[in-house]
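Following: one structure in structure tokens, then a few remarks.
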Amino acid sequence: MCRSTIYQNLLLVVRPTCEFQRVAQSDHFQKFIVIQAQDGHDLSKLSPFVIDKFLKANIGTLDDLKRLRGGQLLIKTSSHSYSSKLLGLTDLAGVPVKATPHRTLNSSKGVIRCSELKHASEDEIASELAHQGVVDCFNIKVKGQDGVRRNTNTYILTFNTAALPKHIKIGYIHTKVEMYIPNPLRCFQCQKYGHSKNVCRNTAVCARCGEQHPTEGCTNREKCANCSGAHPAYHKDCPKWILEKEVQQVKAKNGVSFVEARRKEITVWYSSSLC
Ligand SMILES: [Zn+2]
Ligand SMILES: [Zn+2]
Ligand SMILES: [Zn+2]
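For the sequence shown, our numbering begins at 301 and goes up steadily by one.
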């Protein structure tokens, strides 16, 4: 298998969207903030009118606001000062609250390709690029036919901004940053997507035949646990795998949560299958 094919299997990389191209490096603040009620109080008891009026009067007009499943409010702001004010919020219309940056939406991952970094360690790269918002660097490795894992010229960079920069400077080199789209996460225990074996509470399902037994040693006829097709659950032609890969694309491109991305993608999938 040629190296470029290996990369394609490892990563699905797309060009940054217009939203990402507008990013400036001065954009280092928390855009997505979660407001949670404290001391047994419940934000869902406040009407949308009360919340809207309170935030407009005390913070300003916000870009977006929605309620999360647990009753918390997820707020998006593109204003540095609104972000600071929101993070200092301890009371929302009489309800004691705590405001925290969203756990994942305030960072982004990008891919760069640069052969001149082969003698630099991941730590060195992350540290040298820190002033451009880089907080982590990971080199993609591929296993050769001899079984030895080798470094490649492809790096995944984590940025401390919600949106991805279009380019970065690696010393004197001007390098394009592309969006990183991870492969879908499939549970090795139950074969379903969206969680790992470590947190799985489902019964073991065989990746080969879809029956309820561990995969090891199974010689049954192949039947996918997710789509009932004549292939194992890990097959890359599985329609479920293809759908989940598109879910990852929606998530990466729009910066939405996994649950939202899946809902959007499934809607698209169902509507296109009806045509
Ligand atoms: Zn599972
Ligand atoms: Zn089996
Ligand atoms: Zn399948």
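Ideal placement from N, C-alpha and C gives every residue a C-beta, glycine not left out.
> Is residue 460 closer than 8 Å to residue 418 when the C-beta atoms are compared?
Replying inline: Contact: no.
>> I believe residue 509 touches residue 500 by the beta-carbon criterion, under 8 Å. Please report the beta-carbon distance rounded to the nearest angstrom.
In response: That belief does not hold up - the Cβ atoms of residue 509 and residue 500 are roughly 19 Å apart, past 8 Å.
> What distance in whole Å lies between the Cβ atoms of residue 548 and residue 465, which are believed to be in contact at a cut-off of 8 Å?
Replying inline: So it is not a contact: roughly 21 Å between Cβ atoms.
> Who does residue 459 pair with in a DSSP beta bridge?
Replying inline: 408 and 434
> Does DSSP put residue 373 in a helix, a strand or coil?
Replying inline: strand
> residue 493 bridges to which residues according to DSSP?
Replying inline: 486
> So which residues touch the region around ligand 3, with touch meaning a C-beta under 7 Å from any heavy atom?
Replying inline: In chain order, the qualifying residues are 524, 526, 527, 529, 531, 533, 535, 538, 539, 540 and 541.
>> Below 8 Å on the Cβ atoms is my contact criterion, and I expect residue 338 with residue 397 to pass it. Report the Cβ-Cβ distance as a whole number of Å.
In response: A Cβ-Cβ distance of about 6 Å is found for the pair residue 338 and residue 397, placing them in contact under the 8 Å criterion.
>> Tell me the residue span of the alpha helix (DSSP H) that contains residue 329.
In response: Premise fails: residue 329 is in no alpha helix (DSSP H) and is neither H nor E.
>> Measuring straight from C-alpha to C-alpha, what distance separates residue 374 and residue 335?
In response: 7 Å
> Based on the DSSP secondary-structure assignment, which residues constitute the bridge partners of residue 473?
Replying inline: 470
> Which one of 539, 519 and 469 has the shortest CA to CA distance from residue 429?
Replying inline: Out of 539, 519 and 469, 469 has the C-alpha closest to the C-alpha of residue 429.
>> Let's see if you can read the secondary structure: which residues bound the alpha helix (DSSP H) around residue 348?
In response: 348-358
> Which partner residues of residue 399 appear in the DSSP bridge assignment?
Replying inline: 335, per the DSSP bridge assignment.
> Which residue or residues does DSSP assign as beta-bridge partners of residue 454?
Replying inline: 413
> What's the C-alpha gap between residue 356 and residue 382?
Replying inline: 11 Å
> Over what stretch of residues does the alpha helix (DSSP H) that includes residue 364 continue unbroken?
Replying inline: Note, residue 364: premise wrong, no alpha helix (DSSP H); beta strand (DSSP E) at 364-367.
>> By DSSP's criteria, residue 478 is part of a beta bridge. Which residues make up the other side?
In response: 411
> Using a threshold of 7 Å, is the CB atom of residue 518 nearer than that to any non-hydrogen atom of ligand 1?
Replying inline: No.
> If you pair each beta-carbon of the stretch 386-400 with each one of the stretch 344-353, do three or more pairs fall below 8 Å?
Replying inline: yes
>> Classify residue 328: buried if its beta carbon has 16 or more other beta carbons within 10 angstroms, exposed otherwise.
In response: Residue 328 is exposed by the Cβ-count criterion.
> Secondary structure at residue 389, three-state DSSP: helix, strand or coil?
Replying inline: coil
>> Please tell me whether, using a cut-off of 7 Å, the distance from the CB of residue 506 to the nearest non-hydrogen atom of ligand 1 is below it.
In response: no
> Does ligand 2 have a heavy atom nearer than 7 Å to the CB of residue 509?
Replying inline: Between ligand 2 and the CB of residue 509, the shortest heavy atom gap is smaller than 7 Å.
> Are the C-beta atoms of residue 368 and some chain C residue less than 8 Å apart?
Replying inline: As a matter of chain content, chain C is missing from the structure shown, which is built from one protein chain.
> Taking the DSSP output, what are the residues bridged to residue 449?
Replying inline: 443
>> Here's a check: name, in chain order, each residue in its chain whose Cβ is nearer than 7 Å to the Cβ of residue 537, leaving out the five neighbours to either side.
In response: 531
> Which runs of the alpha helix (DSSP H), 4 residues or longer, sit entirely within the stretch 501-543?
Replying inline: Residue ranges of uninterrupted alpha helix (DSSP H) with 4 or more members are absent from the stretch 501-543; none lies entirely inside it.
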